[in-house]
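Since the structure comes first, as structure tokens, the remarks are kept for the end.
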Amino acid sequence: MNQLISYNRFYSPIIGLIILFLLPSCKNNDEEQFLWDVLPFNVKIHVQDKNGNNLLSPDVIGNIRGKKISAIYDGKEYELNWDSNNNTTNTRYIPAIFYGLKLDQGFTLGDIQYEPDPNKSYLIFGDFDGTQNHNIDLTLHIEGYSQSWNISARHLVKWYGSELSPKNTYTLNGEDVSSNEIIILL
Numbered sequence: 342m343n344q345l346i347s348y349n350r351f352y353s354p355i356i357g358l359i360i361l362f363l364l365p366s367c368k369n370n371d372e373e374q375f376l377w378d379v380l381p382f383n384v385k386i387h388v389q390d391k392n393g394n395n396l397l398s399p400d401v402i403g404n405i406r407g408k409k410i411s412a413i414y415d416g417k418e419y420e421l422n423w424d425s426n427n428n429t430t431n432t433r434y435i436p437a438i439f440y441g442l443k444l445d446q447g448f449t450l451g452d453i454q455y456e457p458d459p460n461k462s463y464l465i466f467g468d469f470d471g472t473q474n475h476n477i478d479l480t481l482h483i484e485g486y487s488q489s490w491n492i493s494a495r496h497l498v499k500w501y502g503s504e505l506s507p508k509n510t511y512t513l514n515g516e517d518v519s520s521n522e523i524i525i526l527l
């Protein structure tokens, strides 16, 4: 037994040193690589009455649900499909898929996850690649209204070293919009 203890005391440090020299960590001399989750860029449009009521909500009297709403972009008309479920799956990966004009039902925090809330509905035009610059000019039409709305959105992406810095600017009928959302008053 004493011989086994002596054996362990003698060879344990030697085995430890061998492992220490055989398993060194690799040194990465390359620059640090960054993975970015960049959200797609889109144009978010709210439609409200003069009192601020959401006219895309089914619970608001005089709402415009079911009316033809379309956007003209690059010479093509994109009509809103009221019957489709345009909410995307809640995953970590958010691809930039061009849908044209779609209805997003907003979300309310539920017990476990965000729940779609039709009372918080708004229109989205897009999606566009968030890593690219975009100049978007579109004209929105709503059935029953003779007026159309000219919307311009600019998405400028700059890299400062390893930092991504997008800047968005919007105009509605030629007037600057101070937020990242367009509000159309009917």
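Counting the sequence shown from 1 gives a position; this note's numbering is that position plus 341. Idealized CB from N, CA, C, for every residue including glycine.
- With respect to Gly515, Leu380 sits apart: the two C-beta atoms are not nearer than 7 Å.
- Secondary structure at Pro399: coil, using DSSP grouped into helix, strand and coil.
- In terms of Cα proximity to Val518, the closest of Val401, Lys499 and Ala494 is Ala494.
- With contacts defined as CB atoms closer than 7 Å, Gln446 and Pro436 fail to qualify as a contacting pair.
- Glu504 has Tyr501 as its beta-bridge partners, per DSSP.
- Between Thr480 and Ile523, the gap from beta carbon to beta carbon reaches 7 Å or more.
- By the Cβ neighbour-count rule, Phe439 is exposed, with fewer than 16 other Cβ atoms within 10 Å of its own.
- Around the beta carbon of Asp424, a 10 Å sphere encloses fewer than 16 other beta carbons of the protein chains shown; the residue is thus reported as exposed.
- Between the alpha carbons of Leu421 and Gln389 lies a distance of about 17 Å.
- DSSP, read as helix, strand or coil, puts Asn392 in coil.
- For Lys443, the enclosing beta strand (DSSP E) covers residues Gly441 to Asp445.
- In this structure, Asn491 lies away from Asn509, with their beta-carbon atoms at least 7 Å apart.
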